[in-house]
Structures are given as structure tokens and as C-alpha cells.
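Below you'll find the structure, written out as C-alpha cells, and then a few comments.
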Amino acid sequence: MDVTLSELLASFMESPLVLWVRTLGPLGSEERVAMFMELVDGVFLHKVMTHIDPSPTNQRLNKNVNNDVSLRLYNLTVLTRHIRTYYQKRPFLAGHLKTCFLSV
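First residue of the sequence shown? That's 82 in our numbering, and the numbers climb one at a time after it.
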């Protein structure tokens with residue numbers, strides 16, 4: 082069975098995690114590709130994480146990624162570190178951290 086990129090994108094954008102993230106604030110555009118790009122640049126997800134854990138981080142995010150893969154990767158690395166720090170400060174959630182980041 083061949084699945085097109087458009088079908089994969091539609092499936093991802095309708096997944097429970099994306100639907101939950103969309104309830105936290107507008108993603109700028111209702112067009113699927115634009116919403117996807119806004120998620121993968123890490124800026125919106127970092128804002129979500131900052132609401133969950135507002136403790137200051139030492140690293141700044143690149144807000145104008147402009148489809149630059151290295152900037153996107155940097156932003157997602159900062160986001161991953163923030164999530165790890167959040168879980169490490171909460172020992173009762175540490176078991177979930179090992180499961181979530183085992184492959185990272």
C-alpha cells in the first residue's frame with residue numbers, strides 16, 4: 082500500500098498530540114503544511130513548554146528559522162533539554178523520562 086506524503090501529513094496533523102497542542106494556541110495558519118512547519122521549527126512547542134515549566138533557560142531560540150535545518154535542529158535540541166530538565170526536577174516522573182528519551 083502506497084501512502085502519499087499528503088496522506089501522512091494529514092494523519093499526523095490529526096493525531097491526538099497535535100490536536101492537544103492546537104488547543105493551547107493558534108498556529109498562525111490553518112493550512113496543514115504551514116502548521117506542520119510551525120511545529121517542526123520548535124518555537125511554538127518551546128512556548129508550550131515554557132508555560133508548563135516557566136523556569137528560565139540559558140539558551141535562546143531562533144525565532145526566524147526560515148526553513149534552515151541547522152536552526153530547526155538547534156531549537157528542537159533546546160526544547161529537548163528543557164523537557165529533560167523538567168522531568169529531572171520531578172523524580173516521580175523520571176520513569177517516563179527514560180521511556181520518552183531512550184532513543185534520543
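Just so you know, even glycine gets a beta-carbon here, dropped at the ideal spot from N, CA and C.
It should be emphasised that the depicted structure is a prediction, and the values quoted were computed from it without experimental measurement.
Can you find the residues in the same chain that come closer than 7 angstroms, C-beta to C-beta, to residue i, ignoring five residues on each side of it along the sequence?
| i | result |
| --- | --- |
| L142 | G123, V124, H127, N156 and V159 |
| S151 | none |
Can you give me the C-alpha to C-alpha distance between residue i and residue j, rounded to a whole angstrom?
| i | j | result |
| --- | --- | --- |
| L108 | V129 | 12 angstroms |
| E119 | V99 | 12 angstroms |
| F93 | T104 | 16 angstroms |
| F117 | P135 | 25 angstroms |
| S96 | S87 | 14 angstroms |
| D171 | R162 | Reading the sequence as shown, one finds Arg at residue 171 and not Asp. One C-alpha to the other measures close to 14 angstroms. |
| D83 | Q169 | 41 angstroms |
| R113 | L90 | 7 angstroms |
| L154 | V102 | 20 angstroms |
Reducing DSSP to helix, strand and coil, say where residue i ends up.
| i | result |
| --- | --- |
| E111 | coil |
| N156 | helix |
| L142 | coil |
| L105 | coil |
| S136 | coil |
| R171 | coil |
Should residue i go down as buried or exposed, given a rule of 16 or more other Cβ atoms within 10 Å for buried?
| i | result |
| --- | --- |
| H132 | exposed |
| V146 | buried |
Would you give the residue range spanned by the alpha helix (DSSP H) that residue i belongs to?
| i | result |
| --- | --- |
| S212 | In this structure the chain extends from 82 to 185, so residue 212 is not present and cannot be described. |
| V124 | V124 to I133 |
Who are the Cβ neighbours of residue i in its own chain at under 6 angstroms, not counting the five residues just before and after it?
| i | result |
| --- | --- |
| Y167 | D134 |
Please list, in chain order, all residues of the same chain as residue i whose beta carbon is under 8 angstroms from its beta carbon, the five residues on each side excluded.
| i | result |
| --- | --- |
| S184 | In this prediction, S184 scores a pLDDT of 49, lower than 50, which makes its location untrustworthy; no coordinate-derived value is stated. |
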